[in-house]
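Trainee: Here it is, the structure in full.
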Ligand SMILES: Nc1ncnc2c1ncn2[C@@H]1O[C@H](COP(=O)(O)OP(=O)(O)O)[C@@H](O)[C@H]1O
Ligand SMILES: [Mg+2]
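Numbering (my numbering), first residue to last: 349 to 759.
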């Protein structure tokens, strides 16, 4: 049964149903007293009769609520309303990674995959620091916000610091292609379990397919056997532009024996940061926003406006300087401002209500407003980083240096 728009559930008002999973319904709602959007996860009514599942649901809320990190979906509340159980959490306005991969048509350029991975591993590092193991890391549980946020959600299978978890009555024990052998075998798992899943997700983003797909009917090797024997196509064979450091990172995560696998999320995070030029989460968000919007992963909402300025390429810059153009976007009242010269560097992209653009002094993403008083934007400034499509470029750390170039000059 669908959950009716406008229905009140405690202090939340239903806006729309946004998904249905193994455990129940996912609802977009508005928290009235704080006037903010929220997502309510409601346990399926036919499952409420299993006390263990209700307990798991409660555990999911408690475990996730303890963690405060920008790469982990925040939990606002847990409550029961007319016999149903709900978890209220932060609404990540965007899509999950699984949907994004489908919309993009498979794989991502290595740098985009690496940036998403960096944010995921930052989230995992935090989760592990609480002694929690997520146990269900996969694209459907990684959310990408329209402003480039990357957040881990769905703690439905998480193992808390006491080591207790619930696996009865056989619902949702995990997603086999993402589960390491020890989890499949029902053995004791620790944080390295999530690192295996992390490796699978990274592989999938780079290669556009799973390293260990579910076996077809005529295949004799089971999923487990292939994982144990490390039988998978090397990522650089499927995605030759992948730099070696990233391919070896995948390899070390996919090892069957936990003792031979990457040791910790922190070690992986440090390695990625080092090779990507130590981008902050804000840097990553800016780069991801540009790329994801450009690839049509998100849709403009009514009355929404995207401002975007792309700087000229070196060879074009003498003749083409900040030539703004306007492009009406379909029937919606949204407008996309572009200075489009050459391949797009990952410039910041701002999303405004359309009304903001109508104002005479509407802010420009790189306009004079972005410079201190007495300064104007430097028209000769070079693109800060390599274009997102430049998949062969392995100079990630060089580009970070360029990023510190000043873009304002005395005016
Ligand atoms: N906080 C959220 N913000 C936005 N979308 C969400 C949020 N939580 C879940 N979703 C969407 O709902 C789907 C199912 O939610 P999830 O928490 O993974 O529940 P399940 O236990 O059913 O897998 C996700 O894949 C995602 O697309
Ligand atoms: Mg899920």
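Idealized CB from N, CA, C, for every residue including glycine.
(1) For residue 497 versus residue 440, is the C-beta distance shorter than 8 Å?
(2) Return the chain-ordered ranges of every beta strand (DSSP E) run that is complete within the segment 361-406 and spans a minimum of 3 residues.
(3) Quick check on residue 596: buried or exposed, where buried means 16 or more other Cβ atoms within 10 Å of its Cβ?
(4) Where does residue 616 land, buried or exposed, given buried means 16+ other C-beta within 10 angstroms?
(5) Which residue's Cα is closest to the Cα of residue 378: 637, 362, 447?
(6) Indicate whether at least one CB of chain B lies closer than 8 Å to the CB of residue 534.
(7) Spell out a yes or no on whether the segment 453-473 and the segment 410-429 are touching, meaning 3 or more CB-CB pairs, one atom from each, closer than 8 Å.
(8) I'd like to know whether the C-beta atoms of residue 452 and residue 643 end up nearer to each other than 8 Å.
(9) Quick one: what does DSSP say residue 732 is sitting in, helix, strand or coil?
(10) By alpha-carbon positions, which one of 598, 645, 600, 594 ends up nearest to residue 622?
(11) Can you find the residues in the same chain that come closer than 6 Å, C-beta to C-beta, to residue 574, ignoring five residues on each side of it along the sequence?
(12) Could you check whether the Cβ of residue 439 sits closer than 7 Å to any heavy atom belonging to ligand 1?
(13) For residue 462, collect the residues of the same chain with a Cβ closer than 7 Å to its Cβ; drop the 5 residues on either side in sequence, then sort them by chain order.
(14) I'd like the ranges of any beta strand (DSSP E) spanning at least 3 consecutive residues and lying wholly in the segment 605-639.
(15) Please classify residue 507: does DSSP put it in a helix, a strand, or coil?
(16) Closer than 8 Å by C-beta to residue 549: which residues in its own chain qualify, once you throw out the five before and the five after it? Chain order, please.
(17) Using the Cβ count rule (16 or more neighbours within 10 Å means buried), how would you classify residue 555?
(18) Tell me the rounded alpha-carbon separation between residue 369 and residue 585.
(19) On the criterion of 16 or more Cβ atoms from any shown chain inside 10 Å, does residue 399 qualify as buried, or is it exposed?
(20) Hey, out of 475, 458, 449, whose CA is closest to residue 413's CA?
(21) Verify the contact flag: residue 488, CB atom, against every heavy atom of ligand 2, threshold strictly below 7 Å.
(22) Quick one: measure Cβ to Cβ for residue 373 and residue 390, integer angstroms, because I've assumed they're closer than 8 Å.
(23) Apart from the five residues just before and just after residue 532, which ones in its own chain have a Cβ nearer than 7 Å to its Cβ?
(24) Terminal residues of the continuous beta strand (DSSP E) containing residue 437?
(25) Measure the C-alpha to C-alpha separation of residue 646 and residue 494 and round it to an integer number of angstroms.
(26) Please return the same chain residues whose Cβ sits closer than 8 Å to the Cβ of residue 458, not counting the five positions on each side in sequence.
(27) Expressed to the nearest angstrom, what Euclidean distance is found between the alpha-carbon atoms of residue 600 and residue 529?
(28) Given a threshold of 16 other Cβ atoms within 10 Å of its Cβ, counted over all protein chains shown, does residue 634 qualify as buried or as exposed?
(29) Roughly how many whole angstroms lie between the Cα atoms of residue 387 and residue 358?
(30) Rounded to whole angstroms, what is the Cα-Cα separation between residue 507 and residue 424?
(31) Restricting to runs no shorter than 4 residues, where is the alpha helix (DSSP H) found entirely within the segment 516-575?
(32) Please report the residue range of the alpha helix (DSSP H) in which residue 593 lies.
(33) Under a Cβ-count criterion, where at least 16 other Cβ atoms within 10 Å of its own Cβ denotes burial, should residue 415 be classed as buried or exposed?
(34) Do the CB positions of residue 481 and residue 565 come within less than 8 Å of each other?
Mentor: Walking through what the data contain:
(1) Residue 497 sits at position 149 when you count from the first residue of the chain shown. Residue 440 sits at position 92 when you count from the first residue of the chain shown. Between residue 497 and residue 440, the gap from beta carbon to beta carbon is short of 8 Å.
(2) 372-379, 384-391
(3) Residue mapping note: residue 596 aligns to position 248 of the chain shown, counting from 1. So residue 596 counts as exposed.
(4) On the chain shown, position 268 is the one that residue 616 refers to. Buried is the call here.
(5) Indexing the chain shown from 1 puts residue 378 at position 30. Residue 378 has its Cα closest to that of 362, out of 637, 362, 447.
(6) No chain B appears in this structure, which consists of one protein chain only.
(7) yes
(8) The sequence position of residue 452 within the chain shown is 104, counting from 1. The sequence position of residue 643 within the chain shown is 295, counting from 1. Contact flag set, yes.
(9) Residue 732 sits at position 384 when you count from the first residue of the chain shown. With a pLDDT of 35 at residue 732, under the threshold of 50, the modelled position of that residue is not reliable, and no figure is offered here.
(10) Translated into positions along the chain shown, residue 622 becomes position 274. Of the candidates 598, 645, 600, 594, the one whose C-alpha sits nearest the C-alpha of residue 622 is 594.
(11) For this step, residue 574 is matched to residue 226 along the chain shown. Cβ within range, chain order: 560.
(12) The residue you call residue 439 lines up with position 91 of the chain shown. Yes, ligand 1 has a heavy atom inside 7 Å of this Cβ.
(13) On the chain shown, residue 462 is found 114 positions in, with the first residue counted as 1. Answer for residue 462: 594, 620, 624, listed in chain order.
(14) Runs found: none.
(15) Walking along the chain shown from the start, residue 507 turns up at place 159. Correct three-state label for residue 507: strand.
(16) Taking the first residue of the chain shown as 1, we reach residue 549 at position 201. These residues qualify, in order along the chain: 445, 465, 468, 485, 486, 487, 490, 526.
(17) Taking the chain shown and counting its residues from 1, one reaches residue 555 at position 207. With 16 or more other Cβ atoms within 10 Å, it is buried.
(18) Position 21 of the chain shown holds residue 369. Position 237 of the chain shown holds residue 585. When rounded, the separation of the alpha-carbon atoms in residue 369 and residue 585 is 34 Å.
(19) Locating residue 399 in the chain shown gives position 51, counting from the first residue. Looking at its Cβ environment, which holds fewer than 16 other Cβ atoms inside 10 Å, residue 399 is exposed.
(20) Walking along the chain shown from the start, residue 413 turns up at place 65. Comparing Cα-Cα distances from residue 413 to each of 475, 458, 449, the minimum goes to 475.
(21) Here residue 488 refers to the residue found at position 140 of the chain shown. Under cutoff, so the answer is yes.
(22) As a first step, residue 373 must be located in the chain shown, where it is residue number 25. As a first step, residue 390 must be located in the chain shown, where it is residue number 42. That pair is a contact at about 5 Å.
(23) Here residue 532 refers to the residue found at position 184 of the chain shown. Result list for residue 532: 524, 572, in chain order.
(24) Here residue 437 refers to the residue found at position 89 when the chain shown is read from its first residue. Note, residue 437: beta strand (DSSP E), 432-438.
(25) In the chain shown, counting from the first residue as 1, residue 646 sits at position 298. In the chain shown, counting from the first residue as 1, residue 494 sits at position 146. Taking the straight line joining both Cα atoms gives about 7 Å.
(26) On the chain shown, position 110 is the one that residue 458 refers to. Contacts found: 554, 587, 589, 590, 591, 594, 739.
(27) As a working note, residue 600 is residue 252 in the chain shown. As a working note, residue 529 is residue 181 in the chain shown. About 15 Å.
(28) The count along the chain shown starts at 1 and reaches residue 634 at position 286. Per the 10 Å Cβ criterion, buried.
(29) Along the chain shown, read from residue 1 onward, the residue named residue 387 stands at position 39. Along the chain shown, read from residue 1 onward, the residue named residue 358 stands at position 10. Distance between the alpha carbons of residue 387 and residue 358 is about 13 Å.
(30) Mapped onto the chain shown, residue 507 falls at position 159. Mapped onto the chain shown, residue 424 falls at position 76. C-alpha separation (whole angstroms): 20 Å.
(31) 529-532, 539-555
(32) Within the chain shown, residue 593 is the residue found at index 245, counting from 1. Run containing residue 593: 592-601, per the alpha helix (DSSP H) assignment.
(33) For this step, residue 415 is matched to residue 67 along the chain shown. Buried: at least 16 other Cβ atoms inside 10 Å.
(34) Reading the chain shown from its first residue, position 133 is the one you call residue 481. Reading the chain shown from its first residue, position 217 is the one you call residue 565. Cβ distance not < 8 Å, so residue 481 and residue 565 don't count as in contact.
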